[in-house]
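There are 4 protein chains.
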Amino acid sequence: MMIVMKEGASKAEIDAVIKRVESVGAHAHISAGELVTVIGAIGDREHVANLGLEGAPGVDHLVPILKPYKLASLQYRREQRTVLEIDGRRIGGEHFATIAGPCTVESREVLLDTARTVRDAGAQFLRGGAYKPRTSPYSFQGLGEAGLRLLAEAKAETGLPIVTELLDSQHADVIHEHADVVQIGARNMQNYALLEVAGKLGLPVLLKRGLSSSLEELLMAADYVLKEGNERVMLCERGIRTFETATRFTLDLSAVPWLKLHTHLPVIVDPSHATGDRRLVEPLARAAAAVGADGIIVEVHGDPEAALCDGPHSLYAHDFGDFARRVAAHAELDGKRIA
Amino acid sequence: MMIVMKEGASKAEIDAVIKRVESVGAHAHISAGELVTVIGAIGDREHVANLGLEGAPGVDHLVPILKPYKLASLQYRREQRTVLEIDGRRIGGEHFATIAGPCTVESREVLLDTARTVRDAGAQFLRGGAYKPRTSPYSFQGLGEAGLRLLAEAKAETGLPIVTELLDSQHADVIHEHADVVQIGARNMQNYALLEVAGKLGLPVLLKRGLSSSLEELLMAADYVLKEGNERVMLCERGIRTFETATRFTLDLSAVPWLKLHTHLPVIVDPSHATGDRRLVEPLARAAAAVGADGIIVEVHGDPEAALCDGPHSLYAHDFGDFARRVAAHAELDGKRIA
Amino acid sequence: MMIVMKEGASKAEIDAVIKRVESVGAHAHISAGELVTVIGAIGDREHVANLGLEGAPGVDHLVPILKPYKLASLQYRREQRTVLEIDGRRIGGEHFATIAGPCTVESREVLLDTARTVRDAGAQFLRGGAYKPRTSPYSFQGLGEAGLRLLAEAKAETGLPIVTELLDSQHADVIHEHADVVQIGARNMQNYALLEVAGKLGLPVLLKRGLSSSLEELLMAADYVLKEGNERVMLCERGIRTFETATRFTLDLSAVPWLKLHTHLPVIVDPSHATGDRRLVEPLARAAAAVGADGIIVEVHGDPEAALCDGPHSLYAHDFGDFARRVAAHAELDGKRIA
Amino acid sequence: MMIVMKEGASKAEIDAVIKRVESVGAHAHISAGELVTVIGAIGDREHVANLGLEGAPGVDHLVPILKPYKLASLQYRREQRTVLEIDGRRIGGEHFATIAGPCTVESREVLLDTARTVRDAGAQFLRGGAYKPRTSPYSFQGLGEAGLRLLAEAKAETGLPIVTELLDSQHADVIHEHADVVQIGARNMQNYALLEVAGKLGLPVLLKRGLSSSLEELLMAADYVLKEGNERVMLCERGIRTFETATRFTLDLSAVPWLKLHTHLPVIVDPSHATGDRRLVEPLARAAAAVGADGIIVEVHGDPEAALCDGPHSLYAHDFGDFARRVAAHAELDGKRIA
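Residue numbers (our numbering), protein chains in the order written: chain H, 156 to 494; chain P, 156 to 494; chain A, 156 to 494; chain S, 156 to 494.
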């Protein structure tokens, strides 16, 4: 932590800061410029942060030096990237994966049809929501456990591992029984109790970035899962909230190469929820592949017009084969392998 | 719902939309302008929304007409404002309330000292966190149940009702036992499962706006609590996330009069977390009173430099009496009564 | 400037950075922590910034230490606040001023009526636009020079000094002839050529914060004016662009006390453009007074329904007297004097 | 324009609105739902907007139906996309173009070296700033006219047309003499006086999106240029300001396919300024090509470490050939031709 003193801070103020830094066992390193003195506090980050030196007499502001996340950092793994292996499918490193399926499980027939279609088109995972977080309490909230059983049936038929969302700790057991990958949704990225529950389940976790979470906060959220001993985490950029309302959210594709510089975890992209508009999904899926993502997660529906949820941005199942091929071509151009 | 067709939409496209609107029992009302046709779909909002008409052939975009929240709306209560009565304290209408206390319960002595100070200075409620949501898994996470017991002790001594945060449904029982007002934190505003649990507890709920939640979403979140039959909800503006980093968040004081135009629920303001800087807390607390808020919630600490959490923006306990008087003067100027 | 090296940066990389820092005459001060080395570059800010050390081998990131603005800073004036004196009116320090008038000058009669009303109600300045920046090229763009002449007539009759916007350097002469205070609008806050022109006119400048400008950028923009030798600058918070669309912009009232901590310049608030809704203007004007602003600038119109521009948020002239009294009461509560 | 009345609006209030709509020659079309009445005002958009019906008794809010831009819209050109032809180079339609060069012209030698390198690597245009908008008044502001003459020399030697920024109307003549494409920078996107000057020069205009401008505002800004009779306009996404500070701005690649749905103008992407970090430029340039952009504009420097401006995100000239090839491959994959 660097403590930047105000211009004109007195010697007594500087000495008081040094004394407090040393009081928690940290070492104070003084750098006196012409106008401003900077005190480096070398020691335990939390201890120094808890000193509450912001606002202390003579202190202008504090600058943290060490990154606030640990287990998720690329340096922690000595630059070795994590490749997840899930039921024989790989994601990360040179492996590009496609996760596809309906937003919400609605009926047996539509789910099985969609599952067969995406499997035949080369998807590696089936996504589908059984418990749905809905902004409005008056919207369809998902089929719950019945939906999970339908997903299990779809897996039995297609062989595709299941990605589904854990919405609350009370569903942990039933999710554990039926899911292959546990999704933590954007609205729960900072639901720390849930992150710990997910970490303990022992299943791979797909962690979506919060609507207004910084990338550093995303990595800290990953640390909440990783510290439970669960090393199989993938991150997902799904659009952030900005002033622009032409698209539902603003897909932050810069996040992908930035994350690649800072974490060893695989990074995938969800162009469906980000845009809320089917016509934008393919261009952004291609861009996700070109920018270096390790995969995409997209919504596909046999009959989007009849979908109870998120119809407007679901791809038509009958278009999905061509879509997947075009996206894969961009991933391959940069050296990725498609299963 | 108004369905705005594209310029040049064909008659067949228009007819197809009308047919789909009518298929869910809604009435289609056509308004043909020179360039553009607009179709009003009059009927159940959810049914029409679920038609997924966005992206249908010839459709440009959809405009919802009815507000997405119901129970929280001012019109639902026929313009009658809710006044909460909690242990003899009132909040809402002409009653301005001050909720004060430490960010987190840390030690018996500091808590009791602070509680006495804020009670003597005229605070109506004691706040204090036992379970703390922390961005970093390496930060102090609160004392848990032991903290709740200390709060109960502080209440026994000062008579101040307790406001404390419910972080996860697994803590619901113990929170129910010790709290007088259940706080839902900003990061959980869209944790719908938790909102329902809070609604069922039967205690008054203090619902904080999410970091990047729109005011409409805040009112929908309130509906999640209200629909459980719990009518005692107050809303809290606590700063939103914007591009500006000079302050920790951007306190959106326009939210207060806007909410007063749209909801019957009391609205309070948290200037402490919004700013992250003690020097800004009093000006913004005065502004909150002047803008028409029904109360404030502020952090106060006997020894902020020693606080384990949020020291930098905690008010000094010995300043709190003057602070409270100056804030109250602004509230009184606009016709509020201070208990 | 502090240069934070990566964990594991090599000695050669550290030495190379030191050498480059010293190559521009700066002094390098090394602080070696357990994990990370930080190099303080003590010397000319611009020289060091221009080294382009971001992205150099072994460098993680740079942290500027000195503030990027100079002339506008409170320290530059040794904590002495600027009080502007304009035609006998004062603004800043203990003087609270009200600037009022129509958005745009539209007709002689309406302007003179409004001017008399706001003068009688105690406003110190008359605002009115002759040149209007309009988002749409198809909107009314102002009366131009004819509008300025009407403003001069209103001044002759009421004695109120005129505040009007300079939109382009080609209007500098005619603005100079008729205006008492030159307004730089939000969309031009980073139009540096225009800032220099405004600085050279010799008239007081009212500088509005850009829609998405940080407070540091606002102070740098003020420096562009101040460096022309023009010391009469006031700043204006008028709402920033955020994700929230319930109000037109998000009025950032935290900006006022933050600016008071960092600059000697007076700070006023424009609640009219920020909200775009007449019903929110008074609560926010009261809040501006309570938060410590040195004045407000508001739109008033004799017949807002007939206004060609910004009718929806203009106050009714017949309400303005009561409005001004209620706002002034909040300013006086915190020790301001009203002329 | 649709006027949404409040729940419970009285018949008198509804009639008053209808009367006002008809007073400006518009036709009022009434749609009475169970809870809410909506009045469609069919007629001139500006006239109806100027009625100022927001805030009128019984009115809840207004919803504009027609798009606020005209000349830039895809429908205006009957879905025919504009292809710019500049000195034999094409941009738009199936033509992908690369614009490259240093941020600022600094020295003859570096400029000529860089120009030759980017020409040999296949760039179609040379970019370079002579007048630079700098946030800080203490930063290097460009060489001015001398810089333009160096650009002319670089063109003479390499044949590459010149793209350079027009910063103020006073430079219009000298820019006209030396530039082949006039750039309007992000900070001037809403400098309407300058847009009109640029429109009148008769040169192609590269219009950058403002830091916090919506896509609709970008198209309205384009209309300011187009209405001067200048049909050669290209748009440029260069990153918007959001809460995320990991990258300098947030590159909004969704803007590209959204713009393609709404405008006939070519759209290019600037990954250099958006990210501020050389390591992110190539991934985002590839993504821009994959998302369907008509070109990119990137900064290249022979010796970025010595650059006076924007060194940290400039590509190394010696890497530029490989960079351009990899980006082009993504553009070709989706059917673009590279000159």
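Even glycine gets a Cβ: it sits at the ideal position worked out from N, Cα and C.
Worksheet item: Who pairs with Cys-391(A) in a beta bridge, going by DSSP?
Response: Lys-363(A), Ile-423(A)
Worksheet item: Using a beta-carbon distance below 7 Å, is Pro-288(H) in contact with chain P?
Response: yes
Practice prompt. Tell me whether Glu-240(P) sits in a helix, a strand or coil according to DSSP, three-state version.
Written response: strand
Fill in: chain A contact for Tyr-471(S) (CB, 7 Å cutoff)
no
Worksheet item: Which residues, in chain order, does the stretch 364 to 376 of chain A contribute to contact with chain P at a C-beta distance below 8 Å?
Response: Ser-367, Ser-369, Leu-370, Glu-371
Worksheet entry | Contact list for the stretch 219 to 233 of chain P against chain S, Cβ threshold 7 Å | Ile-220, Leu-221, Gln-230
Item to complete: Would you grab the beta carbon distance between Ile-160(P) and Ala-204(P) for me? Rounded to a whole angstrom, and I think it's under 8 Å.
Response: It should be pointed out that residue 160(P) corresponds to Met in this sequence rather than to Ile. With a Cβ gap of about 18 Å, Met-160(P) and Ala-204(P) do not count as contacting.
Worksheet entry | Contacts around Gly-248(A), its chain only, beta-carbon distance under 7 Å, and the 5 residues preceding and following it disregarded | Arg-236, Val-238
Worksheet entry | Where the alpha helix (DSSP H) containing Thr-272(H) begins and where it ends | 263 to 275
Worksheet item: If the cut is a Cβ gap below 7 Å, which residues of chain A does Leu-435(P) touch?
Response: Ser-409, Pro-412, Trp-413
Worksheet item: The alpha helix (DSSP H) with His-417(H) in it runs from where to where?
Response: 410 to 417
Practice prompt. With 7 Å as the C-beta to C-beta threshold (strictly closer), list the residues of the stretch 309 to 332 of chain S near chain A in chain order.
Written response: Leu-322, Asp-323, Ser-324, Gln-325
Discussion item. Which of the three DSSP states is assigned to Arg-233(H) in this structure?
Written reply: coil
Worksheet item: Residues of chain H with a CB under 9 Å from the CB of Glu-201(P): which are they?
Response: Ser-291, Tyr-293, Ser-294, Phe-295
Discussion item. How far does the alpha helix (DSSP H) with Ala-442(A) in it extend, from its first residue to its last?
Written reply: 433 to 446
Worksheet item: Phe-251(S) CB to nearest chain P CB: under 7 Å?
Response: no
Worksheet entry | Residues near Asp-335(A) in its chain [Cβ-Cβ closer than 8 Å; skip 5 each side] | Ile-241, Asp-242, Phe-280, Lys-310, Pro-316, Ile-317, Val-318, Leu-358, Pro-359
Discussion item. Helix, strand or coil for Ser-469(H)? Go by DSSP, reduced to three states.
Written reply: coil
Discussion item. Let's see if you can read the secondary structure: which residues bound the beta strand (DSSP E) around Ser-281(P)?
Written reply: In the sequence under discussion, the amino acid at residue 281(P) is Leu, which differs from the Ser named in the question. Start and end: 280 to 282.
Worksheet item: Can you list, in chain order, the residues of the stretch 376 to 401 of chain P whose Cβ is nearer than 8 Å to any Cβ on chain S?
Response: Arg-396, Thr-397, Phe-398, Thr-400
Item to complete: Assign Met-375(P) to one of three DSSP states: helix, strand, or coil.
Response: helix
Worksheet item: In whole angstroms, what separates the C-alpha of Val-446(P) from that of Pro-438(A)?
Response: 5 Å
Fill in: Own chain partners of Tyr-286(P) with C-beta closer than 7 Å, once the 5 adjacent residues on each side are dropped
Gly-297, Gly-299, Glu-320, Leu-322, His-326
Worksheet item: For Arg-492(S), which residues does DSSP report across the bridge?
Response: His-250(S)
Discussion item. Is it the case that the stretch 159 to 175 of chain S contacts the stretch 475 to 486 of chain H, given that we only count it when at least three CB pairs across the two stretches are under 8 Å?
Written reply: no
Discussion item. Can you list, in chain order, the residues of its chain with a C-beta nearer than 8 Å to that of Leu-381(H)? Leave out the 5 residues immediately preceding and following it.
Written reply: Leu-226, Ala-227, Gly-354, Val-388
Worksheet item: Hey, does Ile-158(A) have any beta-carbon neighbour from chain H nearer than 7 Å?
Response: no
Item to complete: Could you check what DSSP says for Ser-294(A) in three-state terms: helix, strand or coil?
Response: coil
Discussion item. Quick test of your reading: Gly-245(H) and Ala-494(H), contact by CB under 8 Å. State the CB separation rounded to the nearest angstrom.
Written reply: One detail in the question is off: residue 245(H) reads as Arg in this sequence, not Gly. Indeed they touch by this definition, with Cβ atoms about 7 Å apart.
Practice prompt. Taking 7 Å as the cut-off, decide whether the C-beta atoms of Pro-257(H) and Thr-269(H) are in contact.
Written response: yes
Worksheet item: So with Cβ pairs under 7 Å, would you call Glu-209(H) a contact of chain A?
Response: no
Worksheet item: Does the Cβ of Pro-212(A) have 16 or more other Cβ atoms within 10 Å, making it buried, or fewer, making it exposed?
Response: exposed
Discussion item. Under 8 Å: do the stretch 185 to 194 of chain H and the stretch 368 to 384 of chain H share three or more Cβ pairs, one atom per stretch?
Written reply: no
Worksheet item: Looking at the unbroken beta strand (DSSP E) that takes in Asp-170(H), where does it start and where does it end?
Response: Note, Asp-170(H): premise wrong, no beta strand (DSSP E); alpha helix (DSSP H) at 166 to 178.
Worksheet item: According to DSSP, is Gln-338(P) helix, strand or coil?
Response: strand
Item to complete: Look at the Cβ atom of Leu-435(P), then the Cβ atom of Ser-409(A), and state whether they are nearer than 7 Å.
Response: yes
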